[in-house]
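**Q**
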Amino acid sequence: MNYKRRMLLLISSTLLLILVDRHFRKQEELQLSDWFTPSNRFDVITTTDWLAPVIWDGTFDREALEKHYRGRNITVGLAVFATSRVSEKYVRTFLLSANRHFMPGHRVIFYVLAGALFNRPDVVLGPRRSLRVLPVGRESWWFDANLVHMRSLGEYIVGRIQAEVDFLFSMTPNQVFQHEFGVEALGASVAQLHPWWYFRDAKDFPYERKPGSAAYIPFGQGDFYYDGSLVGGTPLHVLSFIEKYLYGATHDVQKGLNSTYEKHLNKYFFLHKPTTVLSPEYNWDAAFYPPAQVHYVRVVHHSGRKLDDPPGFREDW
């Protein structure tokens with residue numbers, strides 16, 4: 003009897019401690035309503051069907067967010083690939099602009115995943131910012147660059163990155179930060195709306211339509227079309243995407259199918275909804291003048307420029 007009573011008391015005490023811990027954790031957590039005001043923008047989609055915020059200019063309170071994240075003393079990682087001569091030409095400008103506009107005031111680690119012949123760019127970083135050059139092997143470059151990139155990033159997340167940062171973004175190097183890319187973009191799982199397809203009818207989205215592909219999304223289904231030039235979140239969420247992508251891409255290769263990285267990314271976010279969605283303001287295509295809905299271009303994607311002409315800064319958007 004005494005044994006049973008002791009066990010009941012132990013179980014009761016454990017449950018009480020769990021409830022108290024959850025109570026205080028909930029108090030410490032920043033609620034969406036503390037910083038996000040979707041009603042400020044009636045001209046765009048500000049909340050997804052699964053109630054994730056879509057971040058547009060005017061919808062967030064950066065002061066509330068800064069207070070929260072400074073209290074957590076976070077470190078944010080930004081990974082970029084430089085495994086070809088073309089990508090190397092973009093990296094210096096990418097880093098210069100990121101040093102100025104990416105998560106200002108917070109500790110940032112820039113990861114450049116590069117080939118053996120990569121020349122470290124001459125970039126003077128600001129306070130609380132550091133640069134790591136991580137080598138990427140050449141043994142499989144002939145096969146699929148995206149597979150090699152994601153496999154390498156996944157290995158580095160497991161080996162070191164997950165122990166160094168709280169949040170991680172992976173971006174392509176042909177982007178230039180124009181204005182602050184701040185803590186409003188943080189989330190457990192972050193996806194980027196495609197600047198072109200956001201303004202098009204969902205029935206025209208270029209999802210993978212071959213039923214045999216691991217990236218297949220049937221007609222009439224899907225939420226948004228996401229841009230493959232950015233994926234982010236906690237290191238473990240990014241790793242989860244990488245694992246699913248590698249599995250799906252390998253499956254398609256074995257089946258003789260040719261589905262793109264971006265289509266696999268869209269399939270992943272179709273099945274695993276992102277917790278934060280970035281508007282086209284965070285990756286506007288430099289080939290197009292911004293429409294009225296885009297008030298504030300934070301990142302410009304230079305997809306249409308000549309590859310021999312690295313992008314420069316434009317502060318007029």
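In the working numbering, the protein residues as written are 3 to 319. Note that beta-carbon positions come from the ideal geometry of N, C-alpha and C, so glycine has one too. The structure displayed is predicted, hence computed values, not measured ones.
Determine the DSSP secondary structure at Gln177, reduced to helix, strand or coil.
**A** Within the sequence shown, residue 177 is the residue found at index 175, counting from 1. Gln177 falls in the strand class under three-state DSSP.
**Q** When DSSP labels each residue in this structure, what does Tyr158 get in the three-state scheme?
**A** As a working note, residue 158 is residue 156 in the sequence shown. If DSSP states are grouped into helix, strand and coil, Tyr158 belongs with the helices.
**Q** Looking only at C-alpha atoms, which of Thr85, Leu267, Thr262, Glu166 sits nearest to Val192?
**A** Residue 192 sits at position 190 when you count from the first residue of the sequence shown. The shortest Cα separation from Val192 among Thr85, Leu267, Thr262, Glu166 belongs to Leu267.
**Q** Exposed or buried, Phe271, counting other C-beta atoms within 10 Å across all chains shown (16 or more means buried)?
**A** Taking the sequence shown and counting its residues from 1, the one referred to as residue 271 is at position 269. Result: buried.
**Q** Does Lys269 pass the burial test, meaning 16 or more other C-beta atoms within 10 Å, or should it be called exposed?
**A** Taking the first residue of the sequence shown as 1, we reach residue 269 at position 267. Buried.
**Q** Could you check how far apart the C-beta atoms of Gln180 and Val279 are, in whole angstroms? I think they sit under 8 angstroms.
**A** The residue you call residue 180 lines up with position 178 of the sequence shown. The residue you call residue 279 lines up with position 277 of the sequence shown. Contact doesn't hold; Cβ gap of about 20 angstroms is too wide.
**Q** For Arg153, tell me which candidate among Gly250, Ile219, Lys265, Trp52 has the shortest Cα-Cα distance.
**A** The residue labelled residue 153 in the question sits at position 151 within the sequence shown. Selected option, being the one with the closest Cα: Gly250.
**Q** Counting pairs of Cβ atoms below 8 angstroms between the stretch 181–188 and the stretch 54–64, do you hit three or more?
**A** Verdict: yes, contact present.
**Q** Assuming Ser132 and Ile111 form a contact by the criterion Cβ under 8 angstroms, report the distance between their Cβ atoms to the nearest whole angstrom.
**A** Position 130 of the sequence shown, counting from 1, holds the residue named residue 132. Position 109 of the sequence shown, counting from 1, holds the residue named residue 111. About 5 angstroms separates the two Cβ atoms, so the contact holds.
**Q** In whole angstroms, what is the alpha-carbon distance linking Pro197 and Phe226?
**A** Here residue 197 refers to the residue found at position 195 of the sequence shown. Here residue 226 refers to the residue found at position 224 of the sequence shown. Rounded to whole angstroms, Pro197 to Phe226 spans 11 angstroms at the Cα level.
**Q** Given this structure, state the Cα-to-Cα distance separating Leu115 from Arg122, to the nearest angstrom.
**A** Within the sequence shown, numbered from 1, the residue matching residue 115 stands at position 113. Within the sequence shown, numbered from 1, the residue matching residue 122 stands at position 120. Approximately 11 angstroms between the Cα atoms of the pair.
**Q** Leaving aside the five residues before and after Trp320 along the sequence, list all residues of the same chain whose C-beta is less than 6 angstroms from its C-beta, in chain order.
**A** Because the chain is modelled from 3 through 319, residue 320 falls outside the range shown and cannot be assessed.
**Q** Just to confirm before moving on: does the CB-CB distance between Gly79 and Leu170 stay below 8 angstroms?
**A** Within the sequence shown, residue 79 is the residue found at index 77, counting from 1. Within the sequence shown, residue 170 is the residue found at index 168, counting from 1. Cβ distance < 8 angstroms, so Gly79 and Leu170 count as in contact.
**Q** Can you give the Cα-Cα distance for Gln295 and Leu53, rounded to whole angstroms?
**A** For this step, residue 295 is matched to residue 293 along the sequence shown. For this step, residue 53 is matched to residue 51 along the sequence shown. Answer to the nearest angstrom: the Cα atoms are 21 angstroms apart.
**Q** Secondary structure at Arg300, three-state DSSP: helix, strand or coil?
**A** The residue you call residue 300 lines up with position 298 of the sequence shown. Three-state result, Arg300: coil.
**Q** Expressed to the nearest angstrom, what Euclidean distance is found between the alpha-carbon atoms of Ser281 and Arg109?
**A** Working through the sequence shown from its first residue, we reach residue 281 at position 279. Working through the sequence shown from its first residue, we reach residue 109 at position 107. The alpha-carbon atoms of Ser281 and Arg109 are separated by roughly 24 angstroms.
**Q** Of the residues Val93, Gly234, Leu248, which one's Cα is nearest the Cα of Ile168?
**A** Taking the sequence shown and counting its residues from 1, the one referred to as residue 168 is at position 166. It should be pointed out that residue 168 corresponds to Asp in this sequence rather than to Ile. Considering only alpha carbons, the answer is Gly234.
**Q** The beta strand (DSSP E) with Ser191 in it runs from where to where?
**A** The sequence position of residue 191 within the sequence shown is 189, counting from 1. It spans 191–195 - the beta strand (DSSP E) in which Ser191 sits, taken as one unbroken run.
**Q** To the nearest angstrom, how far is the alpha carbon of Leu248 from that of Lys212?
**A** Residue numbering aside, residue 248 sits at position 246 when the sequence shown is read from its first letter. Residue numbering aside, residue 212 sits at position 210 when the sequence shown is read from its first letter. Their backbone Cα atoms lie some 18 angstroms apart in a straight line.
**Q** Where DSSP assigns a beta bridge to Thr49, which residues make up the other side?
**A** Position 47 of the sequence shown, counted from the start, is the residue given in the question as residue 49. Bridge partners of Thr49: Pro55.
**Q** Using a threshold of 8 angstroms, state whether the C-beta atoms of Lys265 and Ala217 are closer than that.
**A** On the sequence shown, position 263 is the one that residue 265 refers to. On the sequence shown, position 215 is the one that residue 217 refers to. Yes. Within cutoff.
**Q** So Pro293 and Phe201 are in contact, right, with Cβ under 8 angstroms, and what is the actual spacing, rounded?
**A** Taking the sequence shown and counting its residues from 1, the one referred to as residue 293 is at position 291. Taking the sequence shown and counting its residues from 1, the one referred to as residue 201 is at position 199. Contact holds; Cβ gap of about 7 angstroms.
**Q** Is DSSP giving Phe44 helix, strand or coil here?
**A** Here residue 44 corresponds to residue number 42 of the sequence shown, with the count starting at 1. Residue state, collapsed to three classes: coil.
**Q** For Tyr71, name the three-state secondary structure that DSSP assigns.
**A** For the purposes of this step, residue 71 is taken as the residue at position 69 of the sequence shown. If DSSP states are grouped into helix, strand and coil, Tyr71 belongs with the helices.
**Q** What separation, rounded to the nearest whole angstrom, lies between the Cα atoms of Gly128 and Ser41?
**A** The residue labelled residue 128 in the question sits at position 126 within the sequence shown. The residue labelled residue 41 in the question sits at position 39 within the sequence shown. Rounded to whole angstroms, Gly128 to Ser41 spans 36 angstroms at the Cα level.
**Q** What do you reckon, are the CB atoms on Ile163 and Tyr113 nearer than 8 angstroms?
**A** Here residue 163 is taken as the residue at index 161 of the sequence shown, counted from 1. Here residue 113 is taken as the residue at index 111 of the sequence shown, counted from 1. Yes. Within cutoff.
**Q** When DSSP labels each residue in this structure, what does Gly79 get in the three-state scheme?
**A** Residue mapping note: residue 79 aligns to position 77 of the sequence shown, counting from 1. Three-state DSSP puts Gly79 in a strand.
**Q** Looking at the strands, I want to know which residues DSSP matches up with Pro137.
**A** Taking the sequence shown and counting its residues from 1, one reaches residue 137 at position 135. Ala116.
**Q** Quick check: Leu232 and Gln194, are their CB atoms within less than 8 angstroms of each other?
**A** By one-based count along the sequence shown, residue 232 stands at place 230. By one-based count along the sequence shown, residue 194 stands at place 192. Cβ distance < 8 angstroms, so Leu232 and Gln194 count as in contact.
**Q** Could you tell me the alpha carbon to alpha carbon distance between Leu259 and Gly214, rounded to whole angstroms?
**A** As a working mapping, residue 259 is identified with position 257 in the sequence shown. As a working mapping, residue 214 is identified with position 212 in the sequence shown. Those two C-alpha atoms are separated by around 8 angstroms.
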